[in-house]
Amino acid sequence: MLKYRLSLFLFTFLIIQSSAQLRDRISLSGEWQFFKGDTETSSQVEHVTVPHSWNAQDGTTADYYRGKGTYRYNFDLPKNTKKKRVFLRFEAVSQEADVFLNGQYLGNHKGAFNAFCFEITPYLKKKDNELIVKANNILNPDIAPLSGDFTIFGGIYRPVSLLILPQTCITPLDYASSGIYIKQTEIQDHKATIDITTKIDGDISGNKKLRLRTSVFDPTGKLVTTSENEEIRASENTVAIDQRIYLDNPILWNGKAAPNQYRFFCELLQGKKVIDTLSVYTGLRYFKVDPQKGFFLNGKSYQIRGVNRHQDRPGKGWAISEKDHQEDMQLIKEIGANGVRLAHYPHSDYFYSLCDKEGLLVWAEIPFIGNGTESTAFEENLKQQLTELIRQNFNHPSIFCWSLFNELVKGNPEKLVAELNDLAHKEDPTRLTVAAANIEGRPENKITDIMAFNTYPGWYWAEPETMGPSIDWKKDEKRGVCISEYGAGASIKHHQQRMKKAPKCEGDFHPEEWQAIVHEGNYKEIDKRDFVWGSFVWNMFDFASGGRKEGDTYGMNDKGLVTYDRKTPKDAFYFYKANWSEKPVLHI
Ligand code: GCB
């Protein structure tokens, strides 16, 4: 036993040693120069801290800045780059970026919410490398979203880093993903079949005596299996290696806090030498939607009681910190939610990881909202954003579905939605496709695996109790139904007790008490119906909505259960806290 422990210790030690030498990540977050527009006049240049949203201050005004912004950052070549390759990775730039290094054009990226990556090895100098990012958040018919009530903050609003990798490596260039995809082909209580694809890039064509070894550690840290493949023979310099592993009695990720995650440790070997290593984590679980009985996680009934979330904060826009993410998560956990819809676009990798750790089920989505253009460029952009969303977030166990649209109201998007649906299945056959509609009977509502509706009884129309009939109409015999949004606006400064009727929702009076009445009425109807596989409150937090004119703060959507600054939970927050607890106050 002691011998086993000692060898495990040495093995782990060697792994840590070798990964430290083989790969490195250097953060380029910090002070950058910035000016609005794309032509510099020195008086305009500001020193800003990246991650940065350039309209963090005016994002709640109707005419917030949508246009161009230019960033500059100078850096010396880090010491540890000898015989290495260097990549530049942006976690997100809103919403279009053209990137230049030392005058060399690296490329363009369209879409505000996903990561992108370039190799920069040939263009680097020892000293004073100049990185220029020309960004643009103007409404562009070729880039989704084209509508939505939320403010489109601009800028380099998520971290930027240099990745220093071996010459032949697990590639960061496959849609800026980790390069490793853990596909949960079949998970049962006693057995798991897992297919791992690892993408490699470098000097590999012909026979370079390369092999891939993947070791799997269970959530307690115990090595459970190792798979090693034949020597890689490739005709090109990128290759995808498939490995299949079987596990007996897997420890399942079960939607509880600190849930179980396996570590997949991939080593690339040349002969006997380890030339690259990378660890990725995932939890093993299985789920289904039963059209009559709702959502099941690992074979047990698990109705999703969720909230929606946007990613902005006052004074920061979308450039929020890890601490901000943690605070959001704490509040979401405090009310007892077990799911979250990350609306209406891909959120940060850090937040998906928090959901993995806290055991929240995640609805992930692309920003196809309202309508699109007929342009091929727009369609291609949506497909690119969907591919990025899936590849970059493939290993998060919390994500159970890929959502393809929100409230399409115009045009004829059926063919496009069908193509997006096929693409999602091709990229990931293990998760469900879903969408959120607000108009029944539209043909594109029939395409996804499961379906959901946004509905606001008690706010935009009728009384809160009419949620019941509204759900019954929407029920689909094959797909059950989910309420992907419901809620009401509320100002913590407006109060009126014992209201029987809704205030005029689009007017200026948004009493906090009425929001609580709407939630109570809606919730009772949802909770009675087992076939409702999930429901998501709109919204967990107030958010910037530059174009809105209602409530007491123009430029805001005040349907949050908590104020924009996260300081004041509203009455409805406490309604959920009392009823999403182990011992609900209401007996339905
Ligand atoms: C919706 C939209 C959401 C809006 C919400 C509202 O149905 O999907 O983006 O913010 O209504 O508050 O009107």
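Heads up: the sequence shown begins at 90 in the working numbering, then just goes up one per residue.
Even glycine gets a Cβ: it sits at the ideal position worked out from N, Cα and C.
On a predicted model such as this, the values are computed, not experimentally measured, just so you know.
From residue i to residue j, what distance separates their C-alpha atoms?
i: Q133; j: F123; result: 8 Å
i: T138; j: P673; result: 45 Å
i: A265; j: I572; result: 33 Å
i: Q473; j: I421; result: 30 Å
i: E529; j: K563; result: 7 Å
i: G200; j: K589; result: 44 Å
i: N218; j: A204; result: 22 Å
i: R637; j: D263; result: 39 Å
i: T257; j: I209; result: 15 Å
i: D152; j: G644; result: 10 Å
i: H198; j: D187; result: 7 Å
i: H141; j: E320; result: 45 Å
i: L650; j: Y351; result: 35 Å
i: A453; j: I488; result: 7 Å
i: D238; j: N397; result: 14 Å
i: E135; j: I115; result: 24 Å
i: E609; j: N668; result: 10 Å
i: K362; j: Q110; result: 13 Å
i: P261; j: D292; result: 15 Å
i: G428; j: K613; result: 18 Å
i: D147; j: K345; result: 39 Å
i: D641; j: F440; result: 30 Å
i: H583; j: I409; result: 29 Å
i: K567; j: T657; result: 41 Å
i: D538; j: V523; result: 6 Å
According to DSSP, is residue i helix, strand or coil?
i: V506; result: helix
i: A224; result: strand
i: R155; result: coil
i: K362; result: strand
i: P308; result: coil
i: F98; result: With a pLDDT of only 46 at F98, under 50, the local geometry of the prediction cannot be trusted, and no value is derived from it.
i: N611; result: helix
i: N326; result: coil
i: W452; result: strand
i: S183; result: strand
i: M645; result: strand
i: T37; result: For the chain, the structure presents residues 90 to 677; residue 37 sits outside this window and is missing.
i: F620; result: coil
i: S368; result: strand
i: K173; result: coil
i: D337; result: strand
i: E317; result: strand
i: F632; result: strand
Excluding five sequence neighbours on each side, which residues of the same chain lie with their C-beta closer than 6 Å to the C-beta of residue i?
i: A605; result: D660, A661, F664
i: F354; result: S304, S368
i: N484; result: I271, V369, T371
i: Y434; result: F202, P456
i: G156; result: I227
i: Y653; result: P403, D631
i: L195; result: V188, F207
i: E180; result: A204, R247, P248
i: V626; result: V396, G576
i: I104; result: Bear in mind that a pLDDT of 45 at I104, under 50, signals an unreliable position, so the number given afterwards is only what the model happens to contain. Excluding positions up to five away in sequence, the list is empty.
i: Y212; result: L190, N191, Q193
i: A323; result: I293, S294
With a threshold of 8 Å on Cβ separation, who are the neighbours of residue i within its own chain once the five nearest residues in sequence on each side are excluded?
i: E671; result: none
i: G500; result: N460, G461, E463
i: E468; result: G461, L505, E508
i: K216; result: D165, L166
i: D231; result: K199, T462, S464, A466, F467, N470
i: N163; result: D217, N218, E219, L220
Spatial neighbours of residue i within its chain, please: C-beta separation below 7 Å, excluding the five flanking residues on both sides.
i: K297; result: Q359
i: G158; result: F123, K125, W143, A224, G243, G244
i: K169; result: The identity of residue 169 in the sequence shown is Asn, whereas the question assumes Lys. The residues are D113, I253.
i: N318; result: R300, L301, I330, Q332
i: I479; result: W491, A513, E516, D517
i: S390; result: K382, G383
i: S250; result: R114, I115, S116, L117, R178
i: K377; result: F385
Beta carbon of residue i: closer than 7 Å to some heavy atom of the ligand SAM?
i: K593; result: Summarising the ligand content, the structure contains the ligand GCB and does not contain the ligand SAM.
Residue i CB to nearest chain C CB: under 8 Å?
i: W562; result: This model lacks chain C altogether; it includes just one protein chain.
- [ ] Only counting runs of 4 or more residues, tell me where the alpha helix (DSSP H) segments fall wholly within the region 377 to 441, in order along the chain.
- [x] 411 to 423
TODO: Kindly provide the ranges of any alpha helix (DSSP H) runs that are 4 or more residues long and lie completely inside the region 122 to 151, ordered along the chain.
DONE: none
- [ ] Give, in chain order, every unbroken run of the beta strand (DSSP E) that is at least 3 residues long and sits entirely within the region 237 to 294.
- [x] 249 to 254, 269 to 276, 280 to 290
TODO: Jot down the residue ranges of each uninterrupted alpha helix (DSSP H) in the region 499 to 563, minimum 4 residues, whole runs only, in chain order.
DONE: 503 to 516, 556 to 563
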